[in-house]
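Take a look at the structure set out below.
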Amino acid sequence: MNSTTSLNPSLTTTYMSMNIRDRRHRDEAEAERKFRTIIERCRRTNTHFVDDEFPHSPSSLGDSYSQNNFEWVRISKFCSSFRNDDPTEWTVMSSPEPSDIEQGLLGNCWLVTALSLISERPRMLQHILLTQNINDEGVYLVRLCHNGLWKTIIVDDSFPCYFDDMLLFSKARRRQLYIPLIEKACAKLFGSYSKLISGQIEEGLQLFTGAPCDHIDLENDDEPIDSDLVWAKLLSSCQANLLIGASTSRTDVNKDVYDQFKVHGNHAFSILAAHALDNDLGRFVLLRDPHAHSCYTDERVTPEVLQILRTVHKAHRSSGAFWMEWSKFLLLFSKITISTYVGSHFDIREQARFNRSPTDSISVFYFHVP
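Each residue of the sequence shown is one higher than the one before, counting from 896 in the working numbering.
Below, the structure written as structure tokens:
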């Protein structure tokens, strides 16, 4: 139980608040009640759910896209973007893999990168996806952490598509609905799909985990970075199985250099592993490009070296994954983002505010841990 007490004696008041976990359960129960009401109404009227809070209109696409070039299509009618998926039935989530995800027309690599990291943790996806089975009514609940508080978003199952009924935005291999579903929930949360253009990896990780992120700045004008220290931090984070991303947005590297190495500039990548070979043969970082078609090659990653590195992580090039030598990584990348999320930690949070004056009352929280 939490207690809030003013430290100003003349204003001393004690408020007893409900347990934070109970409050979250209350909010989820309310969303579930609304979900069941919608399901029952759709069955009674023999209709499909259409979300009037996020309509199938230009306003939901945003200013960057014209409704004239696209259409909204229900899951039962749109086509997979990958030919070998044709015989596959759509599921919300079935043995999810990062290779299921490919960024679409939307410039939201920050979100897709975070989602690809989360997809390696099925339990985290289960926490986000409250509706885990396909339903004919087309109603789904998605849980996201916005401004520090978990919110449950209701969405329908119509998505922006090209006129050939293929998804316009994030692509879903093996017909995994969680990919466009979570992307749509984020678009509804922020107001439109266009609002998802440009962002930071930490924003995506915080949406999905609720945990803050640490940063390692690789572009420091004041003093050179300590390469060994950065490597040690990255290696320990990988060994701790934390969620890690990196950005190529250096101001001291021009587009020609990125083009030379065939790496997207101003782009977000997942970091899957870091490994140092014996006998000073080099340090290497395993990256994944959410576009899934990076053409980067590294002369240090010889067939012999690659054979060794594949014993560390079996990610294949076809999923957008590739190994990069450490000095090249430091040249091209501007920042490493590390989520502090640890699944075994108990999550408790309370809404508060910063005081504007030293005379304002202060919120104090008392926790009883039996």
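For each residue, glycine too, the CB sits at the ideal point set by N, CA and C.
The structure displayed is predicted, hence computed values, not measured ones.
Remark: C-beta atoms of residue 1141 and residue 1217 do not approach each other more closely than 7 Å.
Taking the CA atoms as reference points, residue 1215 sits about 7 Å from residue 1186.
Across the set 1145, 1157, 1077 and 1008, the C-alpha of 1008 shows the shortest separation from the C-alpha of residue 1097.
Residue 1237 is classed as exposed because its beta carbon has fewer than 16 other beta carbons within 10 Å across all chains shown. Assignment of beta-bridge partners to residue 1109 by DSSP yields 1233. Every beta strand (DSSP E) of 3 residues or more that sits fully in the region 1146-1229 is shown, in chain order, as 1163-1171, 1178-1183 and 1216-1220.
For residue 1168, the closest of 1230, 1138, 1049 and 1153 by C-alpha to C-alpha distance is 1138. Contact between the region 1063-1083 and the region 1023-1042 is present: three or more C-beta pairs spanning the two stretches fall below 8 Å. With three or more CB-CB distances shorter than 8 Å, the region 1042-1052 counts as touching the region 1076-1083.
Within a 10 Å sphere around the beta-carbon of residue 949 sit 16 or more other beta-carbons, which makes this residue buried. In this structure, residue 1005 keeps its C-beta atom at 7 Å or more from the C-beta atom of residue 1106.
Beyond the five residues adjoining it in sequence on each side, residue 1093 comes within less than 7 Å, by CB distance, of 1002 in the same chain, given in chain order.
Annotated three-state conformation of residue 1073 is helix, per DSSP. The closest CA to that of residue 1103, considering only 1251, 1122 and 1012, is found on 1012. Secondary structure in the region 948-1024: the beta strand (DSSP E) runs of 3 residues or longer, each lying completely within the stretch, are 966-969 in chain order.
Taking C-beta atoms as the reference points, residue 1089 and residue 999 fail to come closer than 7 Å. As a beta-bridge residue in DSSP terms, residue 1048 pairs with 1037. Per DSSP, residue 1132 is one residue of the alpha helix (DSSP H) stretching across 1122-1134.
Secondary structure of residue 1062 (DSSP, three-state): strand. Residue 1037 counts as buried, since no fewer than 16 other beta carbons sit within 10 angstroms of its beta carbon. With a threshold of 16 other beta carbon atoms within 10 Å, residue 1210 meets it and is buried. When DSSP states are grouped into helix, strand and coil, residue 1139 belongs to the strand group.
Of all alpha-carbon atoms in 1058, 1068, 1111 and 1160, the one lying nearest the alpha-carbon of residue 991 is that of 1068. Residue 1103 is bridged by DSSP to nothing; it lacks a bridge partner. In the structure shown, residue 1085 adopts helical secondary structure according to DSSP, grouped into three states.
Counting C-beta atoms within 10 angstroms of its own C-beta, residue 997 has 16 or more neighbours from the protein chains shown and is therefore classed as buried. Residue 1180 and residue 1220 have their alpha carbons spaced roughly 6 Å apart. Residues of the same chain with a CB within less than 6 Å of the CB of residue 1171, apart from the 5 flanking positions on each side, are 1178 in chain order.
Residue 1056 has 966 and 1062 as its beta-bridge partners, per DSSP. Spanning the alpha carbons of residue 928 and residue 935 requires a straight line of approximately 11 Å.
For the 7 Å CB-CB criterion, residue 951 and residue 1053 form a contact.
Straight through space, the alpha carbons of residue 989 and residue 995 are spaced by roughly 10 Å. A distance below 7 Å between beta-carbons, with the five flanking residues on each side excluded, links residue 1024 to the following residues of its chain, in chain order: 987, 988, 1037 and 1073. Taking all protein chains in view, the Cβ of residue 1018 is surrounded by fewer than 16 other Cβ atoms within 10 Å, so the residue is classified as exposed.
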